[in-house]
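Colleague: Everything in the sequence shown is counted per the numbering used here, starting at 36 for the first residue and increasing by one.
The structure under discussion is supplied below as structure tokens; questions concerning it will follow.
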Amino acid sequence: MRLQDMKFAQALPPHVRSYISIRHPGYISGEDAMLALPCLDEISGLDETDAYVQADQGVPGSRPALAATHGVHFTTMLVACQIIAGNSFKAGYLSYDVQGSHRVALTGRGILTHGHYFLHVPQNADATDADATETTSYAVTPNFQEWRFPDRLPPIWQTVADTPRDPTTSCIITGRTRFEKAHVVPQAQEEWFTNNTMWEHAEGVDSASHSAANVCCLRPDLHKIFDDRTFALVPKLEADGRCHTVVHFFSTQNSIADVALRHHNRKVHSLDAVAPQFLFARFALTVFAYVKNFVLRGAQRQIAVVQRGIEPSGRPSWVTKVIDMDRAERHKRYGGGGSRASSPSKRSRPPSDYQRDASESVDSYAPAWEEDVRTAAWAAAAQRRMMSLVPQLTWI
């Protein structure tokens, strides 16, 4: 009889704990970090990077400025920031400097490698005077409820291809046949779903609750961290130019790191019934989970809020208004309290996956880095439950 060697936890590679942040040029240093994503995108010989760019000059040097092996997918980061800045898909751009003079010039397959960048959004692109170059005073959308679904998706999201279908119903990431049905746009966002007329994007859909166009299959543990907005499903280009829908992790904290290393950039399958617009909405929902600290930080913030208004034609409509909001007002609106608390109390696992989706709330979850204790406790409890079941049952 041959015995197998014992297994110990392996040390995580250094890049797992490295993040790239995007800063708002209109705020003081220390209060300007809008979004940070972990460096999980591996750089191959075929990938375009900005490792040669001297950040202080914004121009390529003769040798690499950084010895980077991993970074963050440029388009994923840029679109995430453009969402925060009011869907500024045409005008918003990243730069190496706070003035916005040295733009990041990468293609759809580019990978960011520098520690931080600045997002700039021209405020009056049609003007002929100096106002046309003012790029630092833009407002930010504070959360998913205040975000309006765009009239047109960003270019890369318009090229999302159909995914292959597994003849056996299985988890879209792992192929495991033990799965739960997960809502792409959560049931808790029914009001947002209706206000943004999301039913227009899929035939026969009138709500977020029960529709094949808004459901995917995920292994139970992946469903849990999907609900926690740890990862999203995004389009990325392969070396041959083909676009695939893949897993993109927004966090590597605690027990999530192993899962992220295993599944980040993994192609998914069996999403042919899910509308790309729903995947984009879910991407935005995930992005806003990591913006809360920026919204609450600082003395003043330009905040974009949605209100009922009247169009020039006299027709009622939703309009976005920019409010110069102080710290107290922002904490009152977005800082938590009651059902909107940033650190929810521990709850038992709902008996069905549909019930769990229904109980999810945009503001009932804090970003993953603020939930270390809860995440670690859930992982430990899950491991104990698994050990009490069939000994041969193995998760991959």
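Built from N, CA and C at the ideal position, the CB exists for glycine as well.
Since we're looking at a predicted model, the values are computed, not measured.
1. Distance, Cα to Cα, Thr194 vs Tyr173?
2. Starting from Glu364, trace the alpha helix (DSSP H) in both directions and tell me its first and last residue.
3. Determine whether the beta carbon atoms of Ala223 and Val250 lie at a separation below 8 Å.
4. With H, G and I counted as helix, E and B as strand and the rest as coil, what does DSSP make of Ile12?
5. Assuming contact is defined by CB atoms lying nearer than 8 Å, are Leu70 and Ile146 in contact in what I supplied?
6. Taking the C-alpha atoms as reference points, what is the distance between Asp263 and Tyr325?
7. Name the DSSP beta bridge partners of Ala267, please?
8. What does the Cβ neighbour count give for Gln117, buried or exposed, with the cut at 16 atoms within 10 Å?
9. Which runs of the alpha helix (DSSP H), 4 residues or longer, sit entirely within the stretch 293-357?
10. Using the DSSP secondary-structure output, state which residues sit across from Ser56 in a beta bridge.
11. Within 10 angstroms of its Cβ, does Ser79 collect 16 or more other Cβ (buried), or is it exposed?
12. Kindly indicate which three-state DSSP category Ile208 falls into: helix, strand or coil?
13. Does the count of Cβ pairs from the stretch 174-189 and the stretch 311-327 closer than 8 Å reach three?
14. Assuming Cys278 and Thr204 form a contact by the criterion Cβ under 8 Å, report the distance between their Cβ atoms to the nearest whole angstrom.
15. Are the Cβ atoms of Thr280 and Leu272 separated by less than 8 Å?
16. Count the other CB atoms within 10 Å of the CB of Lys125; is the residue buried (16 or more) or exposed (fewer)?
17. Whole-angstrom Cβ separation of His108 and Pro199, contact assumed at under 8 Å?
18. Could you spell out the range, first to last residue, of the beta strand (DSSP E) harbouring Val107?
19. Would Ser136 be called buried (16 or more neighbouring beta carbons within 10 Å of its own) or exposed?
20. Taking all protein chains shown into account, decide if Asp407 is buried (16 or more other Cβ within 10 angstroms of its Cβ) or exposed.
21. Buried or exposed for Asn231, going by 16 or more other Cβ atoms inside 10 Å?
22. On the three-state DSSP scale, how would you describe Val156?
23. By alpha-carbon positions, which one of Leu314, Ile191, Pro185 ends up nearest to Leu113?
Modeller: Concretely, from the data shown:
1. 29 Å
2. 362-369
3. no
4. The structure shown has nothing for residue 12, since the chain only spans 36 to 431.
5. no
6. 11 Å
7. His283
8. buried
9. 311-323, 327-331
10. Ala71, His151
11. exposed
12. coil
13. yes
14. That pair is no contact at about 25 Å.
15. no
16. exposed
17. With a Cβ gap of about 22 Å, His108 and Pro199 do not count as contacting.
18. 105-108
19. exposed
20. The pLDDT assigned to Asp407 is 38, lower than 50, so where the model puts this residue is not dependable, and the model offers no usable value.
21. buried
22. coil
23. Ile191
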